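Read the structure below first, then the notes.
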Amino acid sequence: VTAPEFDRLEHVIGRLLNVGVALCTVILAIGLVLWFAGSPFADPVIRTGLVVLIATPVTRILASLIDAVRRRDSLLVWSTAIVLTIMAATMLYSFGARG
Amino acid sequence: MTMSHVVLTILAGAGAGVLGALLGIGGGVFLVPFLNLVVGLPVQSAFAVSLITVIATSSVTSSDHERLTLVNLRLGMVLEIFTTVGGLAGVLFVNRVSDEVLRSAFASTLALIAVVIISRLGRRNITTDISADVGLLGGRYFDPDTGRQVAYRLRRLPVAFGASALAGFVSNLGVGGGVLKVPALNTWCGVPIRVAAATSSLMIGATAVVGTINYFMRGQIVLYLAAASVLGVLPGSRLGLRIAAYAPASGLKLLLASVLLAVSIVYFVRSGV
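Chains as they are written, first to last, in this note's numbering: chain G, 2 to 100; chain H, 317 to 589.
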């Protein structure tokens, strides 16, 4: 593992996080304004903003996985794959556990 | 009434964001008591709303370029296996126990956090020999406190794994969990405080995803309050990060300990545990 390769991944991660934050800020702000106005669209808009927020770290891990596969870094490939699997398992379990 | 709650929640989110970014803890420690005791949300919903803001704090504090260069990505990714497993165990726990149990679990978590930090005040473990072999998970970084390059090697990996699993478990209580990982990584595992804090704040977002997915799927996130706290936390975290750049590491630790002890005591008294 050389330093420049890691730097590139850091740049990608930094940009992904910035885009995720900006996008969710705009959507949530619109959602909250709609909520103040009593609009029926407030809930789905806010829900979308929250999904973008949740998806941001997940996308960051996906980017790490793609980078790790390309560099054949097996430690990172396995750890990212396991983490994504646990997230998917939680989603399936909680979907089944809802009221 | 709810209107003023929204405005108050934005402000509280901003305050939690500042403190969270300043201390590397995600701000949830402050938001849960606010949402539960001031706004009057049921305890699980307070955890849920607080936890989703933890993701926001993590994304903001980690996107900073200077902080990203401090992050040890390999170490963070390996530890995330343990935080997410702990997170899933926490999901099974919160979905099964009563509100009483959740309240005492939260109060105990705060007490544990305060004790951990106070017991390690004044310690500083870093290897300054830059030619040292850093091993599979160690690394090097430039320390602004001493103006020198610092190398570090991971020691006592099981401690790091255990602390990560515990941090993942308590994330379901709306807490980032960095307050447990950072001291463990610094005191026992030899990771410099700035590296531990930067790595932890990136990890916290992924860890919080597990608990948040659960609360989201079960409909326990109060949407307008979640939007309000996230919109407060985002600028708050950015501000906290700016301030943190000028505060020395030892000052950060002292502030972290005193703030947490105060919150812990308040919560113990007011929750009547």
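Yeah, the Cβ is synthetic: ideal placement off N, Cα and C, and Gly gets one too.
Predicted model only: the values in this text are computed from it and were never measured.
Since residue 394/H meets chain G, which of its residues come closer than 8 angstroms, beta carbon to beta carbon?
-> 76, 80
Ignore the nearest five residues each way along the sequence and tell me which others in residue 43/G's own chain have a CB closer than 7 angstroms to its CB.
-> 32, 35, 36
By the 10 Å Cβ neighbour count, where 16 or more other Cβ atoms means buried, how is residue 97/G classified, buried or exposed?
-> exposed
Consider the Cβ of residue 532/H: report whether some Cβ of chain G lies at a distance smaller than 8 angstroms.
-> Yes, residue 532/H lies at the interface with chain G (some Cβ there is under 8 angstroms from its Cβ).
Close Cβ partners of residue 585/H (< 7 angstroms) along its chain, the five nearest in sequence each way excluded = Answer for residue 585/H: no residue qualifies.
Going by C-alpha distance, which of 581/H, 422/H, 326/H, 462/H is nearest residue 348/H?
-> 422/H
Backbone secondary structure at residue 17/G - three-state DSSP | helix
Please specify which runs of the beta strand (DSSP E), each continuous and at least 3 residues long, are wholly inside the region 369-417 of chain H, giving them in chain order.
-> Counting only runs of 3+ residues, no beta strand (DSSP E) is found wholly inside the region 369-417 of chain H.
Starting from residue 345/H, trace the alpha helix (DSSP H) both ways and give me its first and last residue.
-> Run containing residue 345/H: 344-349, per the alpha helix (DSSP H) assignment.
Are three or more beta carbon pairs between the region 368-384 of chain H and the region 485-492 of chain H nearer than 8 angstroms?
-> Short answer: they touch.
Interface flag, residue 26/G vs chain H, CB-CB below 8 angstroms = yes
Under 8 angstroms (Cβ pairs) to chain G, residues found in the region 533-566 of chain H | 533, 534, 535, 537, 539, 540, 542, 543, 544, 546, 547, 550
What is the residue span of the alpha helix (DSSP H) that residue 48/G lies within?
-> 43-71
Through-space distance from residue 374/H to residue 2/G, alpha-carbon basis | Note that residue 2/G has pLDDT 43, beneath the 50 cutoff, so the model's placement of it is unreliable and the number below is only indicative. For residue 2/G and residue 374/H, the distance between alpha carbons rounds to 26 angstroms.
To the nearest angstrom, report how far apart residue 408/H and residue 460/H are at their CA atoms.
-> Roughly 42 angstroms between the two C-alpha positions.
Close-in-space but distant-in-sequence residues of the same chain around residue 392/H (CB under 7 angstroms, 5 per side omitted) = Taken in chain order, the residues that qualify are 515, 518, 519.
Within-8 angstroms CB hit, residue 604/H to chain G | Within the shown structure, residues of chain H are numbered from 317 to 589, placing residue 604/H beyond reach of any answer.
What residues in the region 394-422 of chain H bring their beta carbon closer than 7 angstroms to a beta carbon of chain G?
-> 394, 396, 397, 400, 401, 404, 407, 411
Would you verify that the beta carbon of residue 41/G is, or is not, closer than 8 angstroms to some beta carbon of chain H?
-> no
When the Cβ atoms of the region 354-364 of chain H are set against those of the region 375-388 of chain H, are three or more pairs found closer than 8 angstroms?
-> No, the region 354-364 of chain H is not in contact with the region 375-388 of chain H.
Between the beta-carbon of residue 549/H and the beta-carbon of residue 330/H, is there less than 8 angstroms?
-> yes
With a CB to CB cut of under 8 angstroms and the five nearest residues on each side skipped, what residues in its chain are close to residue 449/H?
-> 469
Could you tell me the boundaries of the alpha helix (DSSP H) in which residue 487/H lies?
-> Here the alpha helix (DSSP H) through residue 487/H covers 473-487.
Beta carbon proximity, residue 60/G to chain A, threshold 8 angstroms | Absent from the structure is chain A; the protein chains it does hold are G and H.
Leaving out the 5 sequence neighbours to the left and right, which residues in its chain are closer than 8 angstroms to residue 322/H when beta-carbon positions are compared?
-> Within the same chain, residue 322/H has close Cβ partners 540, 541, 544.
Using a Cβ-Cβ distance under 8 angstroms, would residue 98/G count as near chain H?
-> Under the 8 angstroms criterion on CB atoms, residue 98/G is classed as interfacial with respect to chain H.
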